[in-house]
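Note that the protein sequences, when read in sequence, are chains Y and B.
For the first sequence, the numbering used here assigns the number 0 to the initial residue and increments by one for each residue that follows.
For the second sequence, the numbering used here assigns the number 751 to the initial residue and increments by one for each residue that follows.
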Amino acid sequence: MKIRSLEISNFRKFTQPKRIAGIGDGINVLVGPNEFGKSTLMEAINGVVFEKARAQSTQTRSFRHFSDRTTPEICLGFELEGATWTLRKRFAGQAGKAWLQKGAGQRFEDEEAEAELQRLLGFGVSGRTTEPGIWGTLWVRQGESFGQSAVDDRARQTLQGCLEAQVGVVTGGSRGRRLPDAVEAALSELTSSRGPRGKYKAIIERHDGVRAEIAELEQKRDLLFTHMTELASRRKDLRNLEHDWNERDTKAEIELARSKRIEAEKRAEELKTARAGKMLAEERANRADQELEARKALGDEIGPLEGTIGELQTQVGSAEDAVGQATAQVADREGKLRTLNDRQRSTVETGQRLQRVLELVRAAHEIETHSAGVAQIESDEAEAKLLAEQIGAIAATPDAVGRAQTAEIELTKAAAARDVVATIVTISLDAEAGRSVMIDGVPVDSRETTRSVVDNTVVNIEGVGRIGVQPQLADKHALLRRLENAQAARDSALQTLGVADLASAHSALSTRQGLEGKLDALRKAMARHAPGNKETRLAPGLDALKLRIEELRGRRIAEASALELPSLPDLAGVEQDIAENVTALRQLAGEIDAADAGLTGPNKALAQARTALQELRTKLASETGSLASKRTALEAARNQASDLQLEAAVLHHAELVKNAAAAVAELESESGETVAEINARILRLENAVRAYHDQKAGTEKEIARLAGVLSANEGEGIEERLAAAQDNAARLEAAVQELEQEVKVLELLADTLRTAEAEAKARYLAPVVSRVEPYLKMLLPGADLVLDENMDIAAVKRNGFEEEFTRLSKGTQEQIAVLTRLAFAELLLGQGRPATVILDDALVFSDDDRIERMFDILTRAADRTQIIVLTCRQRLFTRLGARTLQLQDA
Amino acid sequence: MRFIHSSDLQIGKTFGFFEADVASLLQDARQAAVGTLGELAMRHDAQAVLLAGDIFDKQQLSQITLAKPIEAMRRFPKVNWHLLPGNHDHVRDNGLWDRLTHSQLPANVNFHVAAGAVSIADDAAVFLLPAPLRYISSVDDLTAYMDSDVTPEGAIRIGMAHGSIQGFDSDGETSNYISPNRADSAGLSYLALGDWHRQMKVNDRTWYSGTPEPDRFKLPPNATDSRCNGGAALLVDIPSARATPTVTALETGRYRWHRVQRILTEDGQIDRLETDLRALAPNLERVVLYLEVSGAISLAGRKAFEDKITQSIAAAVCGLRLDDRQLILEPTEADLDEIDRAGFVRVAADRLKAMAADDSDRSRAQIAALALKRLFLENLRSQDRP
């Protein structure tokens, strides 16, 4: 179908018949600004094709003119399969009409026309709804050009018809879809991306559980059998133990050993006694020998000791002399030093007394100075008192005088204000007439009188009569009040000051200020007499000064009494004494240092001499004591036993030792088992009895324990449970293997189906893709289009990566959608069914570069496909270089 | 002297290769064998039942499992039960025999845990010479003592042992050998043997009774049908010490175990297989079946196999153990057309078929074949849906 002309009247905004003619092959552009009615024209094309003339739908009612509701009429001229067709419809509800005429010949009306149209263009109608099919895809309304290419089922069927005519039936139809779905569903029941699930997972887990149980049971069974073997072995042990043991013989053997032990013990006791006797004899012989030796040694020691003592006594005598000499020397030097020290002490005491005297003299001086100051201050104070009284008597302070002056100024101002408006009354009297003239009852006492009158005034001339003056003033009362107030204020101020006028007040103030100056000078003089002293901590002021004088007087009396001074010496004399005392002290200190140094040598010599003497005396005492004790000991020993007696005793004891040794040797020579040997045997035999009983008891206990364990466990039927668990494991393992295999089967099946399906789709969509491809290469070099089986654009593949269509920019989406439509149109053309592509305000999102490329693409496509572009952008679309359509009056 | 000879009850045995409910039925059947033997003894007027070893399957059984057969024996007070420890339930200190001895044993139940002749009849000179196992396996012939163990002249001597007869092709047991001439050398009227689950006569006086309830899918040598070993006991009648005993087989098994092997080469054979299986027994509920199928069938054939065999037959029998690992799927053009004649699903089916035929990767080929089967079934299912 190629559109050739469109004519409308009374359609929506267009009341007057309008016509677009001369729509050619290739690209046609209709340019119009917004609100021009481009979309209305698009609606008209859609309406005349897809809406029935008699339809009373909202859509057809909307065709009427906005205001006059006249009957809309549309006429479309088009070419189809080499013939020229005219389709005309009047949308008038029940009265609607449709005509379809082929060239100048065949003509269809109303329902026939509608049916023929439907047949020709291959769109569908179900009930009241029209399914525009491929035309809906190719005629792109404003705002629908981007996004998916709006392939509805009927359009898809049309396209699929075209495709299948080219590539044959490749899909499996609805059955083909159901099989992979069923397989995938079955597979997903058994596995997920995380591994086995559902029944499969449960069986694996049960299998694991049963295997763990088997391991546990096997361990238990093995333990049980080990216990059984152990029990049999222990019983055998017990039998062997009992068989090998003879209790009676063992006990008899122990008894025999015990009787043997008694004999052996007796023998051992005798030997022990003999040995003790021998040891005693030896001990005594030793002692006799030692005694004899000691006697000899003592006698030998006394002679040399006496010599040593004589020598020591001589040494002690000379040491005592040396000590005497050293002591005399030290005493002499110490005497001299003591004299020096006494002199120093006396000189220091003198110095201290002189200091006190000096302090006393100074205090007396200070008393005198302070007393003179006090007298001066007291005299000044009397004068100041007088001055203060005088000042107090004068009331004219600067403030009071100021106030009087201000009042005076106000009075002057008030009088001036009055005089400005007042009536001047001047009275000149003759000399004799003077007394008889009165103003307001007050006699005029001067010959020339001038009055400023603001109030009614009566001049009474005695014997003549009265003259009334009545100034006509509007604010006379205010003026008078101000004047009166000012006068009263001035009078009051002066009265306070106690003067008659302001000049007197100034004079009084001047007097007062003079007095105040004097008082101030006096105060400063008083302050100078008692300035205070930070060093002596004397506060400024008279009181502090007086207190200090009292304090000093007290101190002077006390010190004079303490120092026993009847009169005070003069200061210069005292200071001279002090200087001399200091010199004397310095000299004494030097002499004492020298004397101290001179004492060191003699002291050291004395100490050494004393030490030497002490050592000699100690030694002498020790040797003398030793000699005395030795003499005493020797004497005492000889009194007990003589030297001869000692020698005889030594010989006697040697004989006794010899006898005792012979007795021991005799006893030792007697043979026989020792007690220790017999004891060892008894111990061994007793241990054997004990060990046998212990071992027997232990074995019996172990047998009882094992039997207990076995009887506690045998009822469980470990092997039976194990067999059941093993059977269960075998069944579960078979089930796991079966499911494992099923998963493999389903995976292979799903994979094979998916691959085959993908390949089939690729083959099936190849014609569309191959038609889009040249255009896409012009738009996006190096890009490939991925369509899904529904002819929807799924993605664009660039550089090996697939970009999901809906993720692309709006502009790119729209451009690709337009390309796809061109490809669809070409697909139809390939089936001998040329189709028009209408783009209403499309490509609005394209940038400059892209729109140029799109123009190239449209131009290239226009070689085979009729394209109608409706746009509001004249300047831009001029570059498309297309045929321009005009909307003309019909 | 008339008695019943049985062995290898192996009570407590489990059947892991079956689902738990089936395994439970089979375990119950083993317990019930004692009652069956007792009833047969009563019916045939036998004084005793000799159980020649492996009465129990394991040493450590639960008290209940141990006590149940004893309680079943108590129900037949006129029958004397003589129990011999075998390799599964050999004698050991504090073992199951000790446990049973310490429990409340009925007077008619006797354990023979030590070798040596014992009189087992009050009114006649009948001696039992048991050869109990003290270990799982023993190198010595434990029946040897019977040759020298003297009994009163004219007494009936009955030997009872558990093990393999020397020189016979045994069930795989490699120890506990017993001399085949023991009955003669020891002057035994009868030697009751256990261990082999198949009933077998060694000589006139020496028999294996076999297990009273089958427990393995093992066919006897030169089997003519699919029935497996076990399920019978022996009724032994010894008129006198020197007489040859009369030995009669008695049916005891609750379930019959069958092992069927079949090669399928075309889909049509599946119906035949179903018919044959249904003819195994009048009451299929008492059949335990091991079906081994090999060969190759189409996807449609496989669907039929699953409908008729793995579902219908499996439901009809007590238990079905199926081994179809060698049954190869050979999808036909019709199978693939059934999936789809064109379109990507058909492309996928063709690819899976090629993969399944690729011998270079057997495990993948197997998965691919199963995937194709799944696709075939999913397609059928999807057609069932609206």
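Ideal Cβ positions, reconstructed from N, Cα and C, are used throughout, including at glycine.
Check	Outcome
Spatial neighbours of Y/Glu-319 in its chain, beta-carbon cut-off 7 Å, leaving aside the 5 residues before and after	Leu-612
Chain Y residues whose Cβ lies nearer than 8 Å to that of B/Asn-979	Simply none; closest approach about 21 Å.
Span of the alpha helix (DSSP H) around Y/Asp-243	197-243
Cα-Cα separation between B/Ser-774 and Y/Leu-748, rounded to whole angstroms	38 Å
Proximity below 9 Å, CB of Y/Ala-759 to CB of B/Val-1097	yes
Y/Phe-800 burial status per 10 Å Cβ neighbour count (16 or more: buried)	exposed
Reduced DSSP secondary structure (H/G/I, E/B, other) of B/Ala-942	strand
Status (buried if at least 16 other CB within 10 Å, exposed otherwise) for Y/Asn-285	exposed
Below-9 Å beta-carbon distance, Y/Asn-798 vs any chain B residue	no
Within-9 Å CB hit, B/Arg-849 to chain Y	yes
Beta-carbon proximity check, B/Ser-959 vs B/Ala-802, cutoff 9 Å	yes
For Y/Cys-74: DSSP bridge partner residues	Y/Glu-6, Y/Arg-87
Chain-ordered chain Y contacts of B/Lys-808 [CB-CB under 8 Å]	Glu-718, Glu-719, Ala-722
CB contact flag (Y/Lys-96, Y/Trp-84, <9 Å)	no
Y/Gln-471 versus Y/Asp-439: straight-line alpha-carbon distance, rounded	18 Å
Proximity winner among Y/Ala-507, Y/Gln-694, Y/Leu-564, Y/Asp-444, relative to Y/Ala-399 (alpha-carbon distances)	Y/Ala-507
Identity of the residue in Y/Asn-686, Y/Val-817, Y/Ala-473 nearest Y/Ile-856 by Cα	Y/Val-817
Nearest to Y/Ala-793 (by Cα), restricted to the options Y/Asp-542, Y/Ile-393, Y/Lys-776, Y/Thr-819	Y/Thr-819
Alpha-carbon to alpha-carbon, Y/Gly-121 and B/Arg-1099	The amino acid occupying residue 1099 of chain B in the given sequence is Ala; Arg does not appear at that position. Cα-Cα distance, rounded: 37 Å.
Which of helix, strand or coil DSSP assigns to B/Gly-762	coil
From Y/Arg-806, Y/Ser-808, Y/Leu-838, residue whose alpha carbon lies closest to that of Y/Leu-821	Y/Leu-838
C-alpha distance - B/Arg-780 paired with B/Ser-1113, whole-angstrom precision	40 Å
Y/Arg-832 versus Y/Ile-44, Y/Thr-59, Y/Trp-134, Y/Leu-86, residue with shortest Cα-Cα distance	Y/Trp-134
Where the stretch 764-789 of chain B meets chain Y: residues whose CB sits under 8 Å from a CB there	Thr-764, Phe-765, Gly-766, Phe-767, Glu-769, Ala-770, Ala-773
C-beta neighbour in chain B for Y/Ala-728, strict 9 Å	yes
Local conformation of Y/Phe-886 per DSSP, three classes	Inspection of the sequence shows that residue 886 of chain Y is occupied by Leu rather than by Phe. Reduced to three states, the DSSP call for Y/Leu-886 is coil.
Proximity test, Cβ basis, 9 Å: B/Ser-1132 and chain Y	yes
Which of helix, strand or coil DSSP assigns to Y/Ala-794	strand
C-beta neighbour in chain Y for B/Ser-812, strict 9 Å	yes
C-beta neighbour in chain Y for B/Leu-1191, strict 9 Å	As displayed, chain B neither begins before 751 nor continues past 1136, which places residue 1191 of chain B out of reach and without an answer.
Residue from Y/Ala-406, Y/Glu-461, Y/Val-468 with nearest C-alpha to Y/Pro-493	The question names Pro, but residue 493 of chain Y is Leu in the sequence shown. It is Y/Ala-406.
Alpha carbon of Y/Gln-694 to alpha carbon of Y/Leu-255, nearest angstrom	26 Å
Whole-angstrom distance between Y/Ala-251 and B/Ser-929, CA atom to CA atom	56 Å
Whole-Å CB distance - Y/Phe-823 paired with Y/Leu-79, under 8 Å assumed	Contact doesn't hold; Cβ gap of about 18 Å is too wide.
Rounded separation between Y/Leu-567 and Y/Ala-594 - CA only	39 Å
Under 7 Å from the C-beta of Y/Val-182: neighbouring residues of chain B	Glu-1128
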